[in-house]
Each structure stands twice: as C-alpha cells, then as structure tokens.
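Read the structure below first, then the notes.
In our numbering, the protein residues as written are 276 to 393.
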C-alpha cells in the first residue's frame, strides 16, 4: 500500500514466542505473545540457506513454516522502504514485502500501542 512509516517498530515482539500461524486462501496470520501480523502481501521464508516464496497473490506453499512456529522472535529489520523481516531463534527468517497498490497488504500490531496498516 505505502512504504513503511518512519515510526515502524517491531521491537515489542522481540523475545515473544510465535504461538500460532493461521493460513487461509488470501492471507496469513501470525500470533505472537505480544502482537500479531496479518495480511496478504508477499511472504518469503529464509531457512538453511534457501529462500522460499510462501505467498504472493496466492499461496505457493506452507512448507517450512514449522521452522518458525513455537520459536522466539530474536531480531527484526527493515530491508528497504517496502520490506521487513523477523528472525527467529530457530535460525529461520520471515520476510514481508509490501506491494504498491490501493489496498493494505499487512496489519501489524505490537505491544500496547503499535498499530500499522501497510
């Protein structure tokens, strides 16, 4: 929808466990102990030196998500104006890319007050 805002901060989920992943036809939902991310933008998984596109306009695969479920978020970063990633204690990384368009790709809520519609 738009570039990541300057105040975008996933810091409150660091140390939180990813407790649940929900997948439907058009989106993914990730529920952490201290927040959640949901939406239908581009999602890739980087694990064991491989990068797998999980979703982009439609589900490609769910293979590999078992590497992050139950893991703790240990770091996060922005990878440009339209991309962010979360690294997990399992050494896997989820990468989220926000596409240009009129609709939101992700809704991110962390901690007590951080809410972003991307």
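Think of the CB as a built atom: it goes at the ideal place given N, C-alpha and C, for glycine as much as any other residue.
With a threshold of 16 other beta carbon atoms within 10 Å, residue 333 falls short and is exposed. Residue 315 and residue 340 have their alpha carbons spaced roughly 16 Å apart. Between the alpha carbons of residue 362 and residue 350 lies a gap of roughly 5 Å. Pairing residue 368 with residue 338 gives a Cβ-Cβ distance that is not under 7 Å.
Residue range 325-330 is occupied by the beta strand (DSSP E) that includes residue 325.
Judged by beta-carbon spacing, residue 280 lies beyond the 7 Å limit of residue 385, meaning their Cβ atoms are not closer than that value.
Going by C-alpha positions, residue 335 is about 21 Å away from residue 357.
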